[in-house]
Every structure is written in C-alpha cells, then in structure tokens.
Amino acid sequence: MNNGTTSPKSSDQSPDQNDVLLEIRDLKIEGFADEKWNPIIKGIDLTLRRGEVLGLIGESGAGKSTLGLAAMGFTKAGCRITGGSIVYDGIDLVSATEAEKRALWGTDLTYVAQSAAASFNPAHRLIDQTIAATVREGLQSSQAAKADARDLYGALSLPNPDTIGDRFPHQVSGGQLQRVMTAMAMSSRPKLIVFDEPTTALDVTTQVEVLLSMRKAVKEFNTAAIYITHDLAVVAQMADVIKVMQHGHEVEEADTRTMLSDPKEEYTRSLWSVRMLEKEPVHSDDIVLSIDSVDAAYGKAKVLHDVNIKLPRGKTVSIVGESGSGKSTTARVVIGLLSASTGSVSFNGERLPAHLKNRTKEQLRKIQMIYQMADTAMNPRQTVGEIIGRPLEFYHGLKGADADKRVIELLEQIDLDESFFDRLPSELSGGQKQRVCIARALAADPEIIICDEVTSALDQIVQEGILQLLLRLQKEKNISYLFITHDIATVSAISDEIVVMNHGAVVEQGSKDAVLSPPYPEYTKLLLSSVPEMDPDWLDAVTAKRSS
Amino acid sequence: MSKQNTYSPSAEVGSVRTRRTRKQRIWIELKKAPVSAWVGILIITFYAVMAIFAPLIAPYGEAEVFDVPFAQWDDTHWLGTDQIGRDVLSRLIFGARNTIGIALATTFLAFLIGGSLGLIAAINRGWLDQLISRGVDVLMAIPSLIFALMLLSIFGSSAWSLIMIIAVIDSTRVFRLTRAVAVNVAVMDYVEAATVRGEGLGWIMRKEILPNIMPPLVAEFGLRFCFVFLTIASLSFLGVGIQPPTADWGSMVRETAQLIQFAKYDIKAALTPLIPAGAIALITVGVNFLVDWFLQKSSGLRDE
Amino acid sequence: MTSKYFRDVDQKFILSRKRYKSPKCNSVHDVTIWLSKAHLVNAVISTIFKRLGLGLITLFLVSIIIFSAINMLPGDFGQAVLGQAATEETVAVFRKELGLDKPAFFRYLDWIGAVAQGDFGTSFSGRASSGIDRSRPVIDLVAPRLSNTLFLAALTAVIAVPIALFLGITAALWRNSWYDKGASVATLTTISFPEFFVAYILILLFGTLWPLFPSLADIRPDMAMADRIYASILPAATLTLVIVAHMMRMTRAAIINLLASPYIEMARLKGETPRRIILKHALPNAWAPIATVIAFNLAYLVVGVVVVEVVFVYPGVGQLMVDAVSSRDIPVVQACALFFAATYILLNLVADIIGIVTNPRLLHPK
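This is the structure in structure tokens:
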C-alpha cells in the first residue's frame with residue numbers, strides 16, 4: 000500500500016490504469032414513486048483512484064446518496080439501474096450477481112450510514128457487529144479481528160476502547176456510535192468506504208471529533224472514500240476532489256482547493272451564499288422584550304437556570320447553542336407555552352402573565368412565532384389563503400373580500416403572488432412554505448417574531464432568500480427578532496446581538512462583534528472553533544490548536 | 000423590492016396539482032382501483048339497494064306465515080320457508096334492512112362516543128387523558144363478545160340495549176385509535192401555532208385536528224362496521240341478539256341450521272342456512288376489500 | 000435521498016425529547032460498564048414484577064366490573080327468576096341470599112373472598128316459585144367444562160400457530176409475489192366470514208356430504224385422547240381457519256415492518272446472505288412482535304370458541320355461558336366472564352413478558 004501523501008490529482012490525465020479503483024460511466028438510476036418510474040441519477044460519470052477521497056455534495060434531492068450506494072453496486076428497494084456501467088477493480092457491478100456483490104460488500108466495499116443509532120442491530124454487541132463481515136469472509140480469526148477492533152476503537156479516540164465493544168448500541172451515544180461504525184467499516188481494511196452524511200445528525204462540537212476520527216482512519220490505511228454531505232465546509236476537510244451535484248446531474252468536479260477558491264458554476268457558489276451575507280450590527284437601548292432571571296423546568300427536570308436576555312426594538316438577538324442547551328425552551332417561555340418557575344418576561348416594560356392562557360389577545364398578537372419545520376407548522380388541509388387569513392380574522396376581525404385583499408398584499412410582501420392563494424402546503428416548495436409561515440406571522444402585525452431554527456431545514460440558496468426577506472421586513476416594519484439557531488453562519492448574517500447558551504444557562508450576551516471576537520469564555524471558544532470553515536486546512540489547524 | 004438575480008421564490012419548483020372537482024377526483028381514483036375494490040363497491044351497492052327498497056323487492060311480508068313449514072325451493076317460495084312457514088327469501092331481504100341498520104347505528108354511536116373522548120384525551124394529555132385511557136384499558140381487558148354476553152344477560156336483548164351495549168364496548172376501540180392518531184397530530188407545530196394564537200379547544204378540535212385524522216378514521220369506520228356486524232350476527236345466532244319476529248340473518252341461520260343434516264337427500268334445503276350466513280360473509284368481504292384499497296391509497300398519498 | 004428525512008426525524012425526535020423529558024438525557028456519560036450480572040437480572044425481574052402487578056390490578060378492576068353486573072339487575076329480578084307464582088317471602092329470601100340488603104362494598108368483599116376459594120355461589124336455575132331449591136353450585140357446572148374448552152383451544156393453537164407463522168413469514172419474504180397477493184385475498188376473505196358460516200360449510204362438506212368426521216362434538220370425560228381429538232376435529236378446524244387468517248396477516252405486517260429497519264439494510268450492505276439476515280439480524284428482534292401476535296390471536300381464539308362450541312354442541316364454557324345468558328343465570332355468567340377475562344389478561348401478560356425478556360434495551364440497561 001502506498002502510504003505516502005494523498006496529494007490531490009485534479010485531472011483525468013493520469014494514464015496509470017491500475018491506479019483507478021472505481022469507474023462509473025453514464026449511470027442512470029430511476030426510483031418508483033407516485034405509481035411511475037422517475038429518474039434520480041441522469042447520466043453521471045465518476046472516477047475514483049486508490050486512496051483518493053471524493054466529496055459528493057449537493058442539496059436534498061440531488062441524488063448523491065443514491066449515487067453513493069450505487070458506487071457499491073447497491074440500489075435501495077424501489078430503485079433500479081437503467082443504464083451505464085459501474086466498474087470496481089475490473090468487476091462490472093451492474094451485471095454482477097448478488098452473490099458476487101455480497102463477497103465484496105462488508106469487506107472490499109463498506110458503508111457508514113447517517114443514522115448510526117438506527118443502523119446498528121439492537122440485539123447484538125458492538126464488537127460482534129464490528130467484526131462480523133471480516134470474520135465471515137475469513138480475513139481474520141475472530142480473536143485477531145476483536146483485538147484489531149479494539150485498536151481501531153482506540154485509534155478513533157473512543158473512550159474505554161477495550162470494553163466499549165461489549166456494549167449494546169443503545170448504551171452508547173450518537174457521536175460514539177458513528178465512530179464505532181467507522182471502525183466497523185475499517186475492520187476488513189476495505190479498498191473503498193462510502194460515508195453517507197455521517198455527521199449531519201450530530202452537534203458541531205461532536206462533529207469535529209467524528210470528522211477527525213474518520214479522516215485519520217482513511218489516511219492511515221490509504222483507503223479510497225466517497226464522502227456524501229450537503230455541507231461544503233465539512234467536505235472541504237475530508238476530500239481531495241469535490242463533485243457538485245444537482246437534480247441528478249453533475250454540476251462540476253474539481254480538486255478541493257480549486258473548487259473553493261475558483262468555482263466555475265454559479266450554482267456551486269450559491270452553496271455557500273449564506274456565508275456571504277453579513278449584517279452591520281446596530282446597538283440600541285430601547286428594550287422591547289426583557290427576560291429576567293428566568294428558571295424553568297419540565298416536571299422535575301430543570302432546564303433553564305437564571306436566564307437573562309434583552310431584546311432591543313427593531314433589532315435581532317440570536318440565541319446560539321447545541322441541542323439541549325435550552326434555547327428552544329427559552330422561546331417557549333417567552334410565548335407562554337411553558338411557565339417560568341421563577342423570574343419574569345416583560346414586554347414593553349410590562350410584565351407578561353407566565354402562561355399564555357392568562358395573556359390577552361393583544362399580548363398574544365404582538366409576539367408571533369415561526370417554526371423550523373414549515374412542513375409541520377402549516378395544517379396540510381388548509382389553503383394558503385386560509386392559513387394567512389385566520390390571524391387576520393382572529394386578531395383584526397377582517398373577513399371576506401377585505402381579508403382576501405390583505406392576504407394578497409401579504410403574499411406580495413413575501414415575494415409570492417395571488418396564484419398561491421388556493422394552494423395547499425403540499426403544493427409549495429420548502430422555501431415557499433417558510434415564506435407563507437412568515438406571512439402568517441406578519442398578518443398578526445406583531446412587534447416581535449421568534450424564529451426557531453427557521454432556516455436550518457432549507458437548502459443554502461433558499462436560506463439566503465429567507466434571511467434577505469427577514470432583514471427587509473425588519474427594516475420596513477421595525478420588527479424585533481429573537482432568532483434561535485445552531486448555525487454560526489446564519490448568526491453573522493442576521494444578528495445585531497448574540498446570546499450563547501449551554502446546559503440551560505446563558506454563557507455570554509453581547510453585540511455580534513464582541514461575541515465573535517476574542518477573548519472568549521471557554522464554551523464560546525469551543526463552539527466557535529468547532530464550526531467548520533471553508534478552508535481545507537481548518538481541521539488541521541483546529542487539531543493543532545487544541546492539542547497545543 | 001430586493002430580488003436576487005438568480006433566485007425568485009415564486010418560480011421555485013413546487014408540484015401543483017390540477018384543480019379538479021371532488022367528483023372528478025373520485026372518478027379518476029376509481030378508474031385506477033383494483034378489481035377487489037370494484038367487487039367491494041358492487042357488493043355494498045347491491046346490499047344498500049336491498050336494504051332501502053326491501054318492502055318493494057320482497058315477494059311477501061317480513062312475518063307472513065304460510066301453511067307449510069320447511070317448504071322446498073319452488074316457484075312460490077324461491078328459497079323455501081322456515082320452521083314456522085315464513086318465506087326465506089323475503090326474510091332475507093328484510094334482514095338486510097334490520098341487520099345492516101342496527102350495525103350502522105351502533106357503529107355511528109361508537110364513533111360518536113369513542114371519537115369525541117379520544118379527541119379530548121389527545122388534546123388534554125393530562126389527568127383526564129390518564130383517567131379515560133386507564134378506564135378503557137380495563138374495559139378492553141374483557142373480550143368484547145364476552146362483555147356483550149354479560150351485559151345482555153342483565154339488560155335483556157332488545158334492539159336498543161343491543162345497540163347501546165355494543166356501541167359502548169366498541170367505543171373503547173374507537174377511542175384508542177382516535178387518541179393515537181390525534182396525539183400524532185396534536186404534537187404538530189400547526190396545532191401549537193393555533194394554541195399560541197389563542198384559539199379555543201373547539202377550533203383546534205374541529206379545524207386543526209379532525210380534518211387530518213379523517214383517513215384513518217374512515218378506514219376504521221369500515222373495519223369497525225364489519226366487526227360490529229359480525230358481533231351482532233354472532234349474538235343473534237347465539238339467540239341473544241335481535242329477537243323474533245324481526246327478520247335477521249344471524250337468527251335465520253340458527254333457525255334453519257338443522258336442515259344441513261339432510262344434505263344427502265335435498266342439497267337445496269341444506270343450503271338454506273348457508274344463504275343468510277353467506278350474506279353476512281359477503282357484505283363483510285365487500286367492506287373489507289374497499290377498506291383495504293382505501294388504506295393502501297391513504298397511506299401512499301398524503302392528500303385527498 | 001433519505002438524508003433530509005432522517006434529519007427531520009432526528010430533529011423532531013430531539014425536540015420531542017426536549018419537550019417532555021430532561022435535555023440531560025441526551026448526553027450519555029462515559030462510565031465503564033458497572034452493571035454486574037445481579038443488576039442485570041434485577042432490572043428484568045423488576046420490570047416483569049411491575050407488569051405482573053399491573054395484570055393483577057387489571058384483573059381486580061375487571062372483577063369489580065363483573066361483580067357490579069349483579070347490582071345493575073332491575074328491581075323485580077327476583078320475581079322474574081322465581082316466576083310469577085313466587086310468594087313475597089320466597090322473593091325476599093332470595094333477595095337476601097343475593098345480599099341485596101347489604102352495602103355493595105361488603106357484598107363485593109364477600110363475593111371476591113368466596114371466588115378466591117373457588118366458590119362462585121349457586122346457580123339461579125333450578126329454583127322454583129315454591130321455594131324448593133334444586134340449584135347447583137356454579138363451580139360444579141363450570142369446572143368440568145373448563146378443561147374441555149382449554150383442550151379445544153390448545154388443539155387449535157397447536158395446529159394454527161405453526162401454519163400461520165410459516166405462511167406469514169414466507170408472505171413477508173416474498174412480498175408482492177403472486178403467492179403473497181393470493182394469500183392476502185384469501186385471508187381477507189376468511190377474516191370476513193362469521194365463525195358459524197365456516198363451521199356450517201365444514202359440517203356440510205365433511206359431516207353430511209362426505210361424513211368423515213362427527214358434526215356434533217360429543218365429548219365425555221371418560222374418552223380416550225384419540226377419540227377426543229377425532230370428535231374435536233371439525234370445531235378445531237373451524238377455529239384454525241379463522242385464526243390462521245388473522246395471525247398470518249399480523250405476522251406478515253410485523254416481519255415487513257422489521258425488514259424495513261435501517262439495520263437490515265446495513266446487514267445487506269455488509270454482504271450478509273438473505274438466510275443470515277433473517278436468522279441473525281431479523282429473528283432476534285422478531286420475538287417480541289411475534290409473541291404479541293400469537294398472544295393476541297390466542298385471546299381472540301378464546302372468544303371465537305363461544306360460537307364454535309354452540310354450533311358443534313361442544314360441552315365447553317362458551318356454550319354454558321350462552322345458555323346462562325339466555326336464562327339470565329347471572330352467577331354462572333359471572334363465573335364464565337371471569338374465566339374468559341382472566342385468560343385474556345394472562346395471554347397478554349405472557350406476550351408482554353416475552354417482549355421484556357427479549358428486549359436488549361431491558362436486558363442490557365445503560
């Protein structure tokens with residue numbers, strides 16, 4: 000094995016045939032949905048050399064997972080290959096029999112799934128699942144494979160590498176499971192690993208550790224890999240070459256540094272469009288909402304500890320934190336779904352009743368909320384007109400033609416038109432759905448809008464559009480936003496002030512510039528340094544900084 | 000308005016369905032329906048016609064007694080007469096009306112009780128939910144036919160007590176399903192959004208939750224109807240259900256069952272008890288086929 | 000393709016956990032496995048005991064319901080049982096015997112205490128207006144029939160369970176094949192049949208046209224095993240047909256649900272053969288759903304027995320209960336109802352316990 004450096008090779012000119020591990024030519028795949036076959040992959044070429052890591056990037060529906068699985072000769076139930084060839088090491092995987100492919104799967108070709116928790120069999124111990132394929136194919140004795148697995152656990156910096164394998168999947172955390180799955184994929188020393196969004200479900204601070212483990216494993220054994228993700232900053236750390244996909248087509252392919260510094264296609268640039276957005280922070284002392292020393296609990300479990308947050312009028316305060324930090328709970332306290340056990344929420348200097356049942360219609364109207372999942376935030380049986388019209392009727396008593404007229408005005412404000420009036424949510428795209436939710440909030444004519452991760456389920460270019468819209472509305476109507484997110488790029492795009500939360504407490508509040516520049520409190524530093532940057536050397540730099 | 004040069008939100012791809020009237024949509028669906036669904040529809044239509052126009056179709060009266068008991072099949076009595084000389088065909092046709100009518104009434108009542116309690120429990124999620132749910136757990140620990148038998152022994156077998164008893168027992172099953180599906184909807188953000196807006200319980204139940212749990216409830220209505228129908232038929236067959244002289248298929252089987260023993264001498268006579276039994280089987284087959292198709296449709300497609 | 004879906008699910012999952020539980024449970028602390036064998040056994044046993052306790056409470060509440068039955072009797076019930084000719088004294092004596100003069104709470108204690116010792120009171124039938132009492136203790140009526148009913152149910156289960164599991168699992172493995180579609184239509188049809196329809200068809204075919212088996216199940220206590228089985232063939236066959244249809248559909252659904260798990264796809268991607276996927280990856284996780292299916296259907300069987308016993312004049316508890324309901328013999332109805340309810344609760348309990356002891360999450364707690 001060539002253990003040398005894996006310097007990116009950008010062009011197809013390298014004539015050494017032995018060097019090519021996987022070659023896909025004009026691949027076409029269809030999937031069965033709505034009672035017909037629809038194309039998913041529309042003629043893709045892909046070449047992967049030994050020891051090379053290819054990043055496959057694209058937004059939801061681009062077909063990247065399907066292509067990743069196809070690289071192993073695998074199609075999901077309900078999909079079929081309709082054309083092209085997949086040649087792995089001289090074997091055509093399209094025409095190969097199941098038995099031939101099975102001999103490769105789990106040994107030469109391995110797979111790391113997105114949801115490790117669901118992909119481990121709950122009935123077997125981790126180490127048995129780690130070595131199953133290796134032992135089955137007689138690559139190693141069970142004893143030797145187990146010893147090797149423990150070494151791998153150690154190398155992937157899992158805690159207690161000697162005993163963690165004796166646990167069952169539900170006894171181990173998500174980030175650790177993802178690393179165990181990487182060890183499972185490495186156990187047979189495969190020639191190719193397919194990583195399918197392995198860090199998407201993880202928090203940023205966990206993501207860094209898992210990324211490091213995976214890169215280490217791949218580099219150490221000079222394994223070729225296909226790394227699938229929608230996050231360009233993540234793939235920049237992992238891949239030598241990046242291929243951008245959209246709607247089952249290839250947009251472009253280039254080596255990582257070229258792709259980042261000099262993308263050819265407009266679409267590629269749009270993949271990091273949110274990062275280009277920057278808001279000039281403005282300070283203000285006119286406080287519209289004030290959260291004072293709030294403690295809150297679900298039953299006996301205390302989730303908020305002495306939270307103090309001030310929201311200036313017409314400005315945006317972003318609450319940043321990982322899952323479980325209490326940022327969404329804070330929002331629930333503000334809108335009155337959860338009563339604070341101590342402390343209070345004041346609106347325009349007036350103390351709000353703790354529970355929404357005791358608030359007046361006027362108080363309810365002035366604080367509106369937009370949700371993360373626009374899909375679940377709109378009743379699928381109501382039309383856009385009904386969805387936006389209800390708050391008009393409920394709060395302002397508008398009915399009939401007046402209400403319809405106002406709905407159309409609101410639709411125009413969110414850059415949609417009256418043709419959307421009769422549509423059901425299922426007839427809208429993701430971005431349009433979120434816009435309708437914004438219009439519903441606007442219909443109430445609020446002073447504050449709470450945005451709970453409103454962009455995190457959307458594709459980058461759509462995110463940018465939504466953020467632009469929110470900024471414009473703020474300027475026009477002087478609305479204040481309490482903006483909850485885990486994404487630092489979004490934060491710098493929209494906020495005036497930032498609140499960092501961890502374990503139910505506020506770590507830090509201040510203007511954007513103050514929070515995002517040193518000196519940092521311990522946790523803010525960890526959080527900020529864990530956010531992947533669009534720089535291929537970022538991961539190395541982080542490792543160097545942390546180990547020093 | 001600041002618009003992005005490469006991006007326009009209204010141009011984004013969203014799959015828009017062609018506007019069609021409800022009638023057109025149903026017809027399109029029906030044209031694609033499998034044979035089994037069509038068989039189901041035909042069976043149900045046939046039974047409905049029989050039930051509604053029974054007095055016009057039946058050759059004789061429901062309780063009209065003729066001279067010859069157990070008469071053979073001939074031109075005057077196509078399916079012979081029963082043990083006291085009533086025309087079997089006429090009773091079969093009137094039986095459709097009685098048996099289906101009582102089963103439908105029972106199912107409606109069961110849905111009214113179980114459905115509304117289920118919705119309330121799903122929205123409340125507090126002590127009331129706990130109380131109803133635990134109570135239902137206990138009631139469901141008694142097999143329904145056994146429970147029905149026990150209550151009938153106390154309240155006697157009138158049509159009304161039959162409807163009430165079976166409806167109450169079956170409402171526990173309806174409650175379970177309604178609560179389960181409604182809880183899934185009640186945790187949706189749009190329900191929370193309505194709560195935060197300040198909407199009352201009535202609005203949330205009627206406008207936000209109910210329209211979204213209709214497909215499983217409609218399917219359950221079909222299945223429940225079959226179950227109620229079979230239970231009532233079984234009870235009548237056992238002699239504790241619908242009482243004579245009301246014509247009813249379960250009792251008809253019981254009354255003519257002894258004829259089976261003469262199969263070697265008169266196969267037609269032996270088939271007499273099997274005809275009402277077959278009538279019961281056929282309608283449940285029909286409803287089941289239809290529900291099965293509906294379930295496949297509604298699990299595959301979110302809307303309509 | 001599925002990535003967005005998973006992300007949604009994960010976030011929804013995290014959200015729901017956040018809402019109803021402490022967020023702390025997200026972070027798993029890395030402690031070495033400290034659970035000794037004793038801890039492990041304790042966890043399972045305590046769960047089982049909790050479940051047993053729950054079963055007992057349910058049984059207790061059910062007994063209250065069944066007991067209350069007698070309290071809902073209309074006031075003139077004594078007269079109705081004893082007949083119009085009964086004197087006021089005999090009716091009064093009868094009412095006193097029922098304990099209608101005592102508060103309900105004490106009557107329940109008396110009743111449940113007696114039931115615990117196997118005394119269900121005396122039957123209403125055989126009482127005459129004259130006051131002469133030829134009624135028999137309920138337990139003497141019920142006891143000999145208990146074993147008959149259990150025998151019929153057991154015989155059916157022995158035939159039906161293996162057939163249903165085999166058909167259900169094969170239909171799941173070859174789903175959407177002609178075999179699967181045929182089985183689906185056939186079972187859907189069978190489910191729709193009332194038990195007595197199936198029973199009479201079998202009687203017509205094998206009892207009268209080709210008299211292979213007796214159409215009346217004449218079971219006596221002194222019969223040899225082979226004769227008993229022979230006499231019970233048609234009732235058992237009827238129940239089997241009905242149960243197999245239900246059980247097969249449920250087994251099929253449970254297995255398909257299992258095979259859709261991501262870890263089964265992972266097993267395929269690890270190159271496991273279909274055989275090993277079924278045996279090593281699916282089966283260890285299938286016990287709980289399969290046990291639930293079996294228990295559910297055996298409970299269904301217990302109910303189905305009632306109708307079938309009446310058709311074949313099989314001397315079991317079901318037939319006794321139907322007779323008692325017709326004659327409004329409440330003590331006998333109560334005893335039978337309690338028997339059926341207890342069996343039903345027990346079967347569900349067994350299914351839950353199988354679920355507990357095969358669940359790795361409980362066997363190997365954190």
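Residue numbers (numbering that gives the first Met the number 0), protein chains in the order written: chain A, 0 to 547; chain B, 0 to 303; chain C, 0 to 365. Note that beta-carbon positions come from the ideal geometry of N, C-alpha and C, so glycine has one too.
Taking a 10 Å sphere around the C-beta of Trp173/C, we find fewer than 16 other C-beta atoms and assign the residue as exposed.
Listed along the chain, the chain A residues whose CB falls inside 7 Å of the CB of Lys269/C are Trp104, Gly105, Ala131 and Ala132. Ile413/A sits away from Ala443/A, with the two beta carbons spaced by 8 Å or more.
For the 8 Å CB-CB criterion, Tyr199/C and Pro275/B do not form a contact.
Interface with chain A (8 Å Cβ-Cβ cutoff): Arg205/B is excluded. One alpha carbon belongs to Glu265/A, the other to Lys278/A, and they sit about 23 Å apart.
Going by C-alpha positions, Trp26/B is about 45 Å away from Ala115/A. In the structure shown, Ala216/C adopts coil according to DSSP, grouped into three states. Rounded to the nearest whole angstrom, the CA to CA distance from Leu45/A to Gly320/A is 38 Å. For Pro193/C, the residues of chain B that pass the 7 Å Cβ criterion are Leu229, Ala232, Ser233, Ala276, Ile279 and Ala280, in the order they occur in the chain. Contact check between the region 397-405 of chain A and the region 339-356 of chain A: fewer than three CB pairs, one atom from each, fall below 8 Å, which does not count as touching. For the 8 Å CB-CB criterion, Arg253/B and Gly238/B form a contact. Listed along chain C is no residue with a C-beta nearer than 7 Å to that of His304/A; the closest approach is about 12 Å. For His248/A, the uninterrupted beta strand (DSSP E) run begins and ends at His248 to Asp254, by DSSP. As DSSP reads the structure, Asn501/A sits in a beta bridge with Ala504/A. For the region 44-95 of chain B, the continuous alpha helix (DSSP H) assignments of 4+ residues that do not extend past its boundaries occur at 53-56, in sequence order.
Near chain A, meaning a CB-to-CB distance below 9 Å, the residues of the region 248-263 of chain C are Ala259, Ser260, Pro261, Tyr262 and Ile263. Residue burial annotation: Pro102/C is exposed, with fewer than 16 other C-beta atoms found within 10 angstroms of its C-beta. Look at the region 72-127 of chain A and you find these whole runs of beta strand (DSSP E), each 3 residues long or longer: 78-87 and 108-111.
Collapsing the DSSP output to three states places Gly30/A in a strand. For Lys180/C, the enclosing alpha helix (DSSP H) has its first and last residue at Trp177 to Ser191. Ala140/B has its alpha-carbon roughly 15 Å from the corresponding atom of Phe66/C. For Ile255/C, the closest C-alpha among the options Asp118/C, Ala350/C, Asp322/C and Asn175/C is that of Asn175/C. A residue is called buried when at least 16 other Cβ atoms come within 10 angstroms of its Cβ; Gly120/C meets this threshold and is buried. Around Ser134/C, no beta-carbon contact reaches into chain B at under 7 Å, the shortest distance being about 16 Å. Partner residues in the beta bridge of Phe346/A, as assigned by DSSP, are Leu288/A and Glu349/A. In this chain, the beta strand (DSSP E) harbouring Asp451/A covers Ile447 to Asp451. Considering only Asn123/B, Phe226/B and Leu209/B, the residue with the shortest C-alpha distance to Arg380/A is Leu209/B.
The distance from the Cβ of Val173/B to that of Gly117/B is about 7 Å, consistent with a contact at the 8 Å cut-off. Residues of chain B with a Cβ closer than 7 Å to the Cβ of Arg50/C do not exist, since the nearest Cβ in that chain sits about 13 Å away.
Within chain B, the C-beta atoms nearer than 8 Å to that of Phe393/A come from Arg196, Gly197 and Glu198, in chain order. Across the set Ala143/A, Gly323/A and Ser283/A, the C-alpha of Gly323/A shows the shortest separation from the C-alpha of Ala300/A. Counting only Cβ-Cβ distances below 7 Å, Thr272/C has contacts in chain A at Arg101, in chain order. Tyr110/A has a beta carbon lying within less than 8 Å of a beta carbon in chain C. One thing to note: Ala223/A has its Cβ within 8 Å of the Cβ of Leu47/A. Between the region 96-104 of chain A and the region 143-158 of chain A, the count of Cβ pairs shorter than 8 Å is below three; the stretches do not touch.
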